Amino acid sequence: QNPPDLLSDPIPQGHTPYVSMELGGVPPVPEDNDDDDDVSISPSIVSSVMTADGIHDLEGFLVVCFVILIGDMSRGIMFPTLWPLVDSLGGTEVVQGIAVAAFSGGRILVNPMFGSWSISIGYTRTLLTSVTILFVGTLVYAQIQNVGKLQFLVVAQIILGIGSGTLGVTRAFVADVTAKRNRTTYMAWITAVQYGGFTVTPFIGSFLSLVLGENDYQFGPFRLNMFTAPAYCMSIICLFTLYLLIFHFQNRQRIPSVKETKKSSRRQAIEDVANGVAACGLTVYEACLLGCMLLNVASKGSIGSFETLGVKFAKSQFGLGSSSAGSIVATCGSVGVVVLLSMGQLSVWFTDVQLVSGGLLVMAVGIASLTMLKDEAENPTWRYSTAIFLIYSIGYPIGHTAVIGMFSKVVGRRAQGVFQGWFASAGSLARMIFPVTSGLVAHFMSFSWLFLMLVVVLVVAAAFVLSARKTLRILSS
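Taking the numbering used here, the leading residue of the sequence shown gets 328, the next gets one more, and so forth.
Structure follows, in structure tokens:
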């Protein structure tokens, strides 16, 4: 069967309102139509295969995936050497927590703003701005040793966070170019890319650390060593990303929706539930959005604690070096990416509620397994590897991705950019609060107390999902 002529054939009701501006002349779509899970339109015959599953801008989708990758790669590639860098500058676990929190603090500053920009000035200009800032941040990070101040490390982390604060923008783009019925699958794909940037790219940092060792090569103000090499590597990748955005991602904007007066009976029934009043005084819709944001806080905060203290914990409790700890995290993260790419099949077998609650509980089990350890580095390394596997390979990728998909479904065809910006800010806030708190608890109490606190947070979050499962299913349908 020949594909339709997009510029002359009428667009069936219910198709997503986003199109690349190169198509031109396509009218906006009623935003309250609930049949947006049909096959979405395709801008070219080349992408018709992907269109059958709901992507109608394949080139744009791939470019956005690369932007997502470098956003979290800017944190992941530095993971193996961040603690040694802090230690070399005379910092403690508390300073490490502040440095990690600074990255997320930068994201909080711009996530909602970038989300609104994606609507007002378009996706292309917003992402060009963010990647340019990220490029500047990598150059600033490479000068930390020359400056020799912990405060400068915090500033560099903030700039990197600002440059990578595009999660709301990229998720909104994917929501705009995909069909709702497969939304969790596509959110899983971009989360796999994001997760790979954070958990797999430590392989690169570990490799650079292993190759350069204690060597330090200086060329004027530029130094090349285990601390600066990851930053310069990121600089090159940022330049390549700018090339992709300039030549392969032009004029991407969201076409505004218009109100539709007639609603289907299913849509009306869902809105009746959404407009009800919850026990907290908010509408049920608002309460579900807030609940999804808190779930994001619980999952991202817990993983943020391991990002902060993972290397130091591995060294003090298991006698592992920074490159070995980074390799274990990267290996388990690679398995997590495979799991994320299988989310389409998992979403067939399980509901979003089951995936969220199950993922959070698996994370809780993995963290709980680290609570009863000896004080010295005499613990078997298999316990560390097993815990990291449960957290990084199964619990976090499944639970957190299902939260993202469920939130996007609850938002529906409203302005995804703004809502996704606030959702991403909630996650960034968690990556600020949890790392600082983790550093304080580990420094003044113990790792066991920290892990017990994280277990409680995750169990309470899973209990909330299960208690609100009926409402969440209705609003995300």
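Ideal Cβ positions, reconstructed from N, Cα and C, are used throughout, including at glycine. All values derive from a computational prediction rather than experimental measurement.
Next item on the list: Put Phe761 into one of helix, strand or coil per three-state DSSP.
Entry: Along the sequence shown, one-based indexing puts residue 761 at 434. Of the three classes helix, strand and coil, the one that applies to Phe761 here is helix, per DSSP.
Checklist line | Option nearest Thr528 by Cα separation, candidates Met561, Ala506 and Arg550 | finding: Residue numbering aside, residue 528 sits at position 201 when the sequence shown is read from its first letter. Its Cα nearest to that of Thr528, the residue Met561 stands out among Met561, Ala506 and Arg550.
Check: Nearest CA to the CA of Val783: which residue from Ser626, Asp414 and Leu466?
Finding: Along the sequence shown, one-based indexing puts residue 783 at 456. The residue with the shortest Cα to Cα distance from Val783 is Ser626.
Check: Name the DSSP beta bridge partners of Tyr544, please?
Finding: Sequence index remark: in the sequence shown, residue 544 carries index 217 (1-based). DSSP lists Leu551 as partners of Tyr544.
Next item on the list: Check whether the region 751-766 touches the region 424-434, counting contact only when three or more Cβ pairs, one atom from each stretch, lie closer than 8 Å.
Entry: Three or more Cβ pairs drawn from the region 751-766 and the region 424-434 lie within less than 8 Å of each other, which places the two stretches in contact.
Checklist line | Under the three-state DSSP convention, the category Thr610 falls into | finding: The count along the sequence shown starts at 1 and reaches residue 610 at position 283. In the structure shown, the three-state DSSP call for Thr610 is strand.
Item checked: Exposure of Phe549, with buried meaning 16 or more beta-carbon neighbours within 10 Å -> To locate residue 549, count along the sequence shown from 1; it is residue 222. Of the other Cβ atoms in all chains shown, fewer than 16 fall within 10 Å of the Cβ of Phe549; this residue is therefore exposed.
Notebook entry, point to check: Around the C-beta of Met772, are 16 or more other C-beta atoms found within 10 angstroms, so that it is buried, or is it exposed?
Noted result: For the purposes of this step, residue 772 is identified with residue 445 of the sequence shown, where counting begins at 1. Result: exposed.
Item checked: Short Cβ contact (7 Å threshold) for Val666 with Pro707 -> Position 339 of the sequence shown, counted from the start, is the residue given in the question as residue 666. Position 380 of the sequence shown, counted from the start, is the residue given in the question as residue 707. Taking 7 Å as the Cβ cut-off, Val666 and Pro707 do not qualify as a contacting pair.
Next item on the list: Have a look at Ser775, Met405 and His770 and flag the residue whose alpha-carbon is nearest the alpha-carbon of Tyr559.
Entry: Stepping through the sequence shown from its first residue, residue 559 is reached at position 232. For the residues Ser775, Met405 and His770, the minimum Cα distance to Tyr559 belongs to Met405.
Check: Rounded C-beta distance between Phe525 and Arg402? I'm assuming under 8 Å.
Finding: On the sequence shown, residue 525 is found 198 positions in, with the first residue counted as 1. On the sequence shown, residue 402 is found 75 positions in, with the first residue counted as 1. Rounded, the Cβ-Cβ distance is 6 Å, consistent with contact.
Check: Excluding five sequence neighbours on each side, which residues of the same chain lie with their C-beta closer than 8 Å to the C-beta of Pro298?
Finding: In this structure the chain extends from 328 to 804, so residue 298 is not present and cannot be described.
Item checked: Among Thr555, Ser536, Lys639 and Asp679, the one whose alpha carbon lies nearest that of Gln545 -> Residue mapping note: residue 545 aligns to position 218 of the sequence shown, counting from 1. Nearest of Thr555, Ser536, Lys639 and Asp679 to Gln545, Cα basis: Thr555.
Checklist line | For Phe576, three-class secondary structure by DSSP | finding: Counting from one through the sequence shown, the residue named residue 576 turns up at place 249. Three-state DSSP puts Phe576 in coil, outside helix and strand.
Check: Is it buried or exposed for Arg758, if we count other Cβ within 10 angstroms and need 16 for buried?
Finding: For the purposes of this step, residue 758 is taken as the residue at position 431 of the sequence shown. Arg758 comes out buried.
Checklist line | For Ile425, the three-state DSSP class (helix, strand or coil) | finding: Position 98 of the sequence shown holds residue 425. If DSSP states are grouped into helix, strand and coil, Ile425 belongs with the helices.
Checklist line | Same chain only: Cβ atoms within 7 Å of Ala483, ignoring 5 sequence neighbours per side | finding: Numbered from 1 along the sequence shown, position 156 holds the residue referred to as residue 483. Counting only Cβ-Cβ distances below 7 Å, and skipping sequence neighbours, we find Gly464, Val467, Tyr468 and Ile471.
Item checked: Status (buried if at least 16 other CB within 10 Å, exposed otherwise) for Arg498 -> Indexing the sequence shown from 1 puts residue 498 at position 171. When all chains shown are included, Arg498 counts as buried.
Check: On the premise that Leu622 lies in contact with Leu683, defined as a C-beta separation below 8 Å, what is that separation, rounded to the nearest angstrom?
Finding: For the purposes of this step, residue 683 is taken as residue 356 along the sequence shown, with counting starting at 1. For the purposes of this step, residue 622 is taken as residue 295 along the sequence shown, with counting starting at 1. It is Val, not Leu, that sits at residue 683 in the sequence shown. With a Cβ gap of about 7 Å, Val683 and Leu622 count as contacting.
Notebook entry, point to check: Do Val689 and Leu717 have their C-beta atoms within less than 7 Å of each other?
Noted result: Mapped onto the sequence shown, residue 689 falls at position 362. Mapped onto the sequence shown, residue 717 falls at position 390. For Val689 and Leu717, yes; Cβs fall inside 7 Å.
Notebook entry, point to check: Which first and last residues belong to the alpha helix (DSSP H) in which Asp384 is found?
Noted result: Here residue 384 refers to the residue found at position 57 of the sequence shown. Going by DSSP, Asp384 is part of no alpha helix (DSSP H) at all; its letter is neither H nor E.
Notebook entry, point to check: Are the beta-carbon atoms of Gly766 and Gln478 separated by less than 7 Å?
Noted result: Here residue 766 refers to the residue found at position 439 of the sequence shown. Here residue 478 refers to the residue found at position 151 of the sequence shown. Result no, Cβ atoms of Gly766 and Gln478 do not sit closer than 7 Å.
Item checked: Other residues of its chain near Gly685: CB distance less than 6 Å, five sequence neighbours each side excluded -> Mapped onto the sequence shown, residue 685 falls at position 358. If we look at Gly685 and ignore the five residues flanking it on each side, it has no Cβ neighbours.
Note to self: Using only CA atoms, which one of Gly418, Leu781 and Ile460 lies nearest to Leu569?
What the structure shows: Translated into the one-based positions of the sequence shown, residue 569 becomes position 242. It is Ile460 whose Cα lies nearest to the Cα of Leu569.
Note to self: Taking the alpha helix (DSSP H) that Ala695 belongs to, which residues open and close that run?
What the structure shows: Translated into the one-based positions of the sequence shown, residue 695 becomes position 368. Unbroken alpha helix (DSSP H) run through Ala695: Asp679 to Ala695.
Check: Would a C-beta distance cut-off of 7 Å place His575 and Val390 closer than the cut-off?
Finding: Against the sequence shown, residue 575 aligns to sequence position 248. Against the sequence shown, residue 390 aligns to sequence position 63. Yes, the Cβ-Cβ distance between His575 and Val390 is below 7 Å.
Check: Roughly how many angstroms separate the alpha carbons of Gly732 and Val501, rounded to a whole number?
Finding: Looking up residue 732 in the sequence shown gives position 405. Looking up residue 501 in the sequence shown gives position 174. When rounded, the distance between both Cα atoms is 11 Å.
Note to self: Quick check: what's the CA-CA separation for Phe871 versus Thr493?
What the structure shows: Outside the modelled stretch of the chain, which goes from 328 to 804, sits residue 871, for which no answer is possible.
Notebook entry, point to check: When the Cα atoms are used, what is the spatial distance from Cys659 to Val481?
Noted result: On the sequence shown, position 332 is the one that residue 659 refers to. On the sequence shown, position 154 is the one that residue 481 refers to. If you take the alpha carbons of Cys659 and Val481, they lie about 28 Å apart.
Check: What's the C-alpha gap between Glu705 and Asp543?
Finding: Here residue 705 refers to the residue found at position 378 when the sequence shown is read from its first residue. Here residue 543 refers to the residue found at position 216 when the sequence shown is read from its first residue. Those two C-alpha atoms are separated by around 33 Å.
Notebook entry, point to check: Nearest-angstrom Cα distance between Ser735 and Cys619?
Noted result: Residue numbering aside, residue 735 sits at position 408 when the sequence shown is read from its first letter. Residue numbering aside, residue 619 sits at position 292 when the sequence shown is read from its first letter. A straight-line Cα-Cα distance of about 10 Å links Ser735 and Cys619.
Notebook entry, point to check: Mapping DSSP to helix, strand and coil, what is Gln298?
Noted result: Lying before the first or after the last residue shown, residue 298 is absent from the chain, which here runs from 328 to 804.
Notebook entry, point to check: Should Leu697 and Val520 be called a contact, given that it needs their Cβ atoms to be closer than 7 Å?
Noted result: Working through the sequence shown from its first residue, we reach residue 697 at position 370. Working through the sequence shown from its first residue, we reach residue 520 at position 193. No.
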